[in-house]
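Peer 1: Protein chains in written order, with the working numbering: chain A, 1 to 148; chain B, 1 to 395.
One structure is given below, represented as structure tokens, and several questions about it will come after.
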């Protein structure tokens, strides 16, 4: 079977994938994760009483706010992809929309490849055999010259 | 308007992994606090219980549970839930009724029996619950959040794993003679750095355990304390239970994201606003503080709290730590009780345990860990889902 997004409507899976947020049609505040589409949503800006939202594609690149890893296997509902367990890295990334979004770091990268302020970009990778999830991939690997 | 209430008595059940029902610990702590206060249980006209919870899900009806265990006396009852900030909210509830003149003497109790290992969500699939999704989609444990904050200190302020270990060494020493502490053993920097890395850069000994324990506080109006002959009781001068203001720009457990700061980064972070509200309410400045009991879920988090409380400027906590200023005998001792490093966390009891410690410190009764001449103490913690907590006590 083909792997599908772990959560419907949170990200696209095409060639240049993006996270999908919700933009308040009243005050333009952007939220991620997106507000649920199957019930009433409320803008969380205290000066706005908006209840209607449109889908907003978020920036594919952002700057690392901070990062770490999970050297012990997290408890359920997390499902390890390998046996024995292999640690993975995590990063919180600041996007141009002003939102910081957590994600695992792309396969093959660890904390040694990250730095606060470093640029990363969104990729879509398997969470398990059936589900896809967003991940953050370092744009310039440490030790390489920035290609600018 | 004077908004102080008097602390008549404090008591605890020692922290540990005893595996008994939480009511047993709570009653032990309540009786200890009542003994300390000299107030008979029959005189208590308001009971507030801190609710026992598991990652956001209600456990037991704690207020009435404690009242029944102590023997129904007809007191009014309330139950508080504010995750790690539960104890402060419970105390604030008692304070409000006393200041309103609706109650005279209140007993506030928090107690917990914790499971082993990582705190994890309850079973079942909940695709609309951020606390479930962060585990399912990201494998994001609580220590991973603590590690994000620790790593920022390293990359922005030059903190080192040795600094984090030094916090543990200090707190372990502070707690050596605390009869209620679970861990009472010296720890070296090498011990911390030699323990397994849980979430880089944090080692096992940088992260607090989960514990069983209970704490209780008896509070009354200042007038009632006078009637008991207490002319100079420890006073609760402020309780801050603030929520964040929008936009909340710092990644908070258990969230996957922050609010957007597209319209400008707020002046203060949520954690800074917690302490500010307490200082403002009490008319007390950070410079007046003799000691602080802060929520050291990790060693590095203690350094964050020092700055959030205004005890030093942003990025300067390591300088104070290295100079020994946060050790007992230094300029501003932090966690003289030994903190969560020596206790482990017993969620609904922990904010009250902080109040117990500051009370003992201000009375000069903190044997083996006394901060000499202490007149003002502040406690601080942050509960999941937007619960701030800071209590200012003075004498």
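For each residue, glycine too, the CB sits at the ideal point set by N, CA and C.
Go to residue 115 (chain A), then tell me how far its beta strand (DSSP E) extends in each direction, as first and last residue.
Peer 2: Sequence index remark: in the first chain, residue 115 (chain A) carries index 115 (1-based). Here residue 115 (chain A) belongs to no beta strand (DSSP E), and DSSP marks it neither H nor E.
Peer 1: With a threshold of 6 Å on Cβ separation, who are the neighbours of residue 148 (chain A) within its own chain once the five nearest residues in sequence on each side are excluded?
Peer 2: On the first chain, residue 148 (chain A) is found 148 positions in, with the first residue counted as 1. Note on residue 148 (chain A): pLDDT 39, under 50, position unreliable in the model; the coordinate value appears next. Within the same chain, residue 148 (chain A) has no close Cβ partners at all.
Peer 1: Could you have a look at residue 345 (chain B) and say whether DSSP puts it in helix, strand or coil?
Peer 2: Here residue 345 (chain B) corresponds to residue number 345 of the second chain, with the count starting at 1. Residue 345 (chain B): strand per DSSP, three-state reduction.
Peer 1: Give a yes or no on whether the C-beta atoms belonging to residue 30 (chain A) and residue 21 (chain A) are separated by under 8 Å.
Peer 2: In the first chain, residue 30 (chain A) corresponds to position 30, counting from 1. In the first chain, residue 21 (chain A) corresponds to position 21, counting from 1. Cβ atoms of residue 30 (chain A) and residue 21 (chain A): closer than 8 Å.
Peer 1: Any beta carbon from chain A within less than 8 Å of residue 56 (chain B)'s own beta carbon?
Peer 2: Along the second chain, read from residue 1 onward, the residue named residue 56 (chain B) stands at position 56. Caution applies to residue 56 (chain B), whose pLDDT of 43 falls short of 50 and renders its modelled position unreliable; the value that the coordinates give is listed next. Not closer than 8 Å to any Cβ of chain A, the Cβ of residue 56 (chain B) fails to qualify, so no.
Peer 1: To the nearest angstrom, report how far apart residue 87 (chain A) and residue 80 (chain A) are at their CA atoms.
Peer 2: Locating residue 87 (chain A) in the first chain gives position 87, where the first residue counts as 1. Locating residue 80 (chain A) in the first chain gives position 80, where the first residue counts as 1. Computed Cα separation, rounded: 9 Å.
Peer 1: Can you tell me whether DSSP reads residue 304 (chain B) as helix, strand or coil?
Peer 2: Working through the second chain from its first residue, we reach residue 304 (chain B) at position 304. Here residue 304 (chain B) sits in helix by DSSP.
Peer 1: Measuring only between beta-carbons, confirm whether residue 18 (chain A) sits less than 8 Å from chain B.
Peer 2: Working through the first chain from its first residue, we reach residue 18 (chain A) at position 18. No, residue 18 (chain A) lies away from the interface with chain B (no Cβ there is under 8 Å from its Cβ).
Peer 1: Write down the C-beta distance between residue 6 (chain B) and residue 219 (chain B) rounded to the nearest angstrom, noting that I regard them as a contact closer than 8 Å.
Peer 2: In the second chain, residue 6 (chain B) corresponds to position 6, counting from 1. In the second chain, residue 219 (chain B) corresponds to position 219, counting from 1. About 7 Å; that satisfies the 8 Å criterion.
Peer 1: Taking the runs of the beta strand (DSSP E) that are 3 residues or longer, which of them lie wholly in the region 2-88 of chain A?
Peer 2: If we require 3 residues or more, the beta strand (DSSP E) runs fully inside the region 2-88 of chain A come out as 20-24, 53-57, 61-70.
Peer 1: Among all the DSSP beta bridges, which residues are the ones paired with residue 76 (chain B)?
Peer 2: Locating residue 76 (chain B) in the second chain gives position 76, where the first residue counts as 1. Beta-bridge pairing links residue 76 (chain B) to B:46.
Peer 1: Taking 8 Å as the threshold (beta carbon to beta carbon), is residue 83 (chain A) in contact with chain B?
Peer 2: In the first chain, counting from the first residue as 1, residue 83 (chain A) sits at position 83. It does not; no Cβ of chain B falls within 8 Å.
Peer 1: Between which two residues does the beta strand (DSSP E) harbouring residue 112 (chain B) extend?
Peer 2: As a position in the second chain, residue 112 (chain B) is number 112, starting the count at 1. Unbroken beta strand (DSSP E) run through residue 112 (chain B): 105-112.
Peer 1: Identify the contact partners of residue 155 (chain B) in chain A, using a Cβ-Cβ distance below 8 Å as the criterion.
Peer 2: Taking the second chain and counting its residues from 1, one reaches residue 155 (chain B) at position 155. The answer, in chain order, is 66, 115, 116, 117.
Peer 1: List the residues of chain B that residue 72 (chain A) touches, going by C-beta distances under 7 Å, in chain order.
Peer 2: Here the question's residue 72 (chain A) lines up with position 72 in the first chain. Around residue 72 (chain A), the beta-carbon contacts reaching into chain B at under 7 Å are 198.
Peer 1: Would DSSP call residue 154 (chain B) helix, strand or coil?
Peer 2: Position 154 of the second chain holds residue 154 (chain B). Residue state, collapsed to three classes: helix.
Peer 1: For residue 97 (chain B), which of B:288, B:365, B:225, B:221 has the nearest alpha-carbon?
Peer 2: Translated into positions along the second chain, residue 97 (chain B) becomes position 97. Taking only the C-alpha atoms, the option nearest residue 97 (chain B) is B:221.
Peer 1: Return helix, strand or coil for residue 339 (chain B), following the three-state DSSP convention.
Peer 2: Here residue 339 (chain B) corresponds to residue number 339 of the second chain, with the count starting at 1. Here residue 339 (chain B) sits in helix by DSSP.
Peer 1: Around the C-beta of residue 13 (chain A), are 16 or more other C-beta atoms found within 10 angstroms, so that it is buried, or is it exposed?
Peer 2: By one-based count along the first chain, residue 13 (chain A) stands at place 13. Around the beta carbon of residue 13 (chain A), fewer than 16 other beta carbons sit within 10 angstroms, so the residue counts as exposed.
Peer 1: Can you say whether residue 123 (chain B) is buried or exposed, counting buried as having 16 or more other CB atoms within 10 angstroms of its CB?
Peer 2: By one-based count along the second chain, residue 123 (chain B) stands at place 123. With fewer than 16 Cβ atoms within 10 Å of its Cβ, residue 123 (chain B) is classed as exposed.
Peer 1: Could you list which residues in chain B have their beta carbon closer than 7 Å to that of residue 100 (chain A), in chain order?
Peer 2: The residue you call residue 100 (chain A) lines up with position 100 of the first chain. Within chain B, the residues near residue 100 (chain A) are 251, 257, 258.
Peer 1: Spell out a yes or no on whether the region 65-82 of chain A and the region 144-163 of chain B are touching, meaning 3 or more CB-CB pairs, one atom from each, closer than 8 Å.
Peer 2: Judged by Cβ distances under 8 Å, the region 65-82 of chain A makes contact with the region 144-163 of chain B, as three or more pairs qualify.
Peer 1: Taking the alpha helix (DSSP H) that residue 167 (chain B) falls in, what are its first and last residues?
Peer 2: Indexing the second chain from 1 puts residue 167 (chain B) at position 167. Residues 161-174.
Peer 1: So with CB distances below 9 Å, who are the chain B contacts of residue 56 (chain A)?
Peer 2: Taking the first chain and counting its residues from 1, the one referred to as residue 56 (chain A) is at position 56. Residues of chain B passing the Cβ test: none, with the nearest at roughly 10 Å.
Peer 1: Could you compute how far the alpha carbon of residue 192 (chain B) sits from the alpha carbon of residue 73 (chain B)?
Peer 2: Numbered from 1 along the second chain, position 192 holds the residue referred to as residue 192 (chain B). Numbered from 1 along the second chain, position 73 holds the residue referred to as residue 73 (chain B). Taking the straight line from one Cα to the other gives about 49 Å.
Peer 1: Count the other C-beta atoms from every protein chain shown that fall within 10 angstroms of the C-beta of residue 68 (chain B), then say buried if there are 16 or more, exposed otherwise.
Peer 2: The sequence position of residue 68 (chain B) within the second chain is 68, counting from 1. Exposed.
Peer 1: Buried or exposed: where does residue 103 (chain B) fall if 16 or more other Cβ atoms within 10 Å of its Cβ makes it buried?
Peer 2: Taking the second chain and counting its residues from 1, the one referred to as residue 103 (chain B) is at position 103. So residue 103 (chain B) ends up on the buried side.
Peer 1: What residues in the region 219-247 of chain B have a beta carbon less than 7 Å from any beta carbon of chain A?
Peer 2: 246
Peer 1: Please state the DSSP three-state secondary structure of residue 141 (chain B).
Peer 2: Translated into the one-based positions of the second chain, residue 141 (chain B) becomes position 141. Three-state result, residue 141 (chain B): coil.
Peer 1: Does residue 4 (chain A) have its Cβ less than 8 Å from a Cβ in chain B?
Peer 2: Position 4 of the first chain, counting from 1, holds the residue named residue 4 (chain A). No, because no Cβ of chain B sits closer than 8 Å to the Cβ of residue 4 (chain A).
Peer 1: Measure how close the beta-carbons of residue 124 (chain A) and residue 11 (chain A) come, nearest whole angstrom, since I'm counting them as under 8 Å.
Peer 2: Residue 124 (chain A) sits at position 124 when you count from the first residue of the first chain. Residue 11 (chain A) sits at position 11 when you count from the first residue of the first chain. The pair is a contact, with the Cβ atoms about 7 Å apart (cut-off 8 Å).
Peer 1: Any C-beta of chain A sitting closer than 8 Å to the C-beta of residue 271 (chain B)?
Peer 2: By one-based count along the second chain, residue 271 (chain B) stands at place 271. So, not an interface residue.
Peer 1: Is residue 223 (chain B) helix, strand or coil by DSSP?
Peer 2: For the purposes of this step, residue 223 (chain B) is identified with residue 223 of the second chain, where counting begins at 1. In the structure shown, residue 223 (chain B) sits in a helix (DSSP, three-state: H, G or I).
Peer 1: Should residue 268 (chain B) and residue 259 (chain B) be called a contact, given that it needs their Cβ atoms to be closer than 8 Å?
Peer 2: The residue given as residue 268 (chain B) occupies position 268 in the second chain. The residue given as residue 259 (chain B) occupies position 259 in the second chain. No, these two residues do not count as a Cβ contact at 8 Å.
Peer 1: So for residue 125 (chain A), helix, strand or coil by DSSP?
Peer 2: Walking along the first chain from the start, residue 125 (chain A) turns up at place 125. In this structure, residue 125 (chain A) counts as strand in the three-state DSSP scheme.
Peer 1: Are the beta-carbon atoms belonging to residue 48 (chain B) and residue 71 (chain B) less than 8 Å from one another?
Peer 2: Stepping through the second chain from its first residue, residue 48 (chain B) is reached at position 48. Stepping through the second chain from its first residue, residue 71 (chain B) is reached at position 71. Taking 8 Å as the Cβ cut-off, residue 48 (chain B) and residue 71 (chain B) do not qualify as a contacting pair.
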